[in-house]
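Remarks on the structure that follows.
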Amino acid sequence: MAITIMGGLGLGTLVTLGLIPTLYWLLFDKLKPSGKKH
């Protein structure tokens, strides 16, 4: 049981760490008024 909980927390942390930069990139991409891309 404890192993399952720790595994779930580990997966949740990895997913969160992977999603945060993507969400920030999407937010800043939408907030920028200019549509210039590099």
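With my numbering, letter number 13 in the sequence shown gets 79, and the count goes up by one each step, no holes.
The C-beta atom is built at its ideal place from N, Cα and C for all residues, glycine as well.
Distance, Thr88 Cα to Phe94 Cα: 10 Å
Rounded straight-line distance, which links the Cα of Tyr90 to that of Ala68: 33 Å
Three-state secondary structure (DSSP) of Met67: coil
DSSP-derived helix/strand/coil call for Lys96: Three-state DSSP puts Lys96 in a helix.
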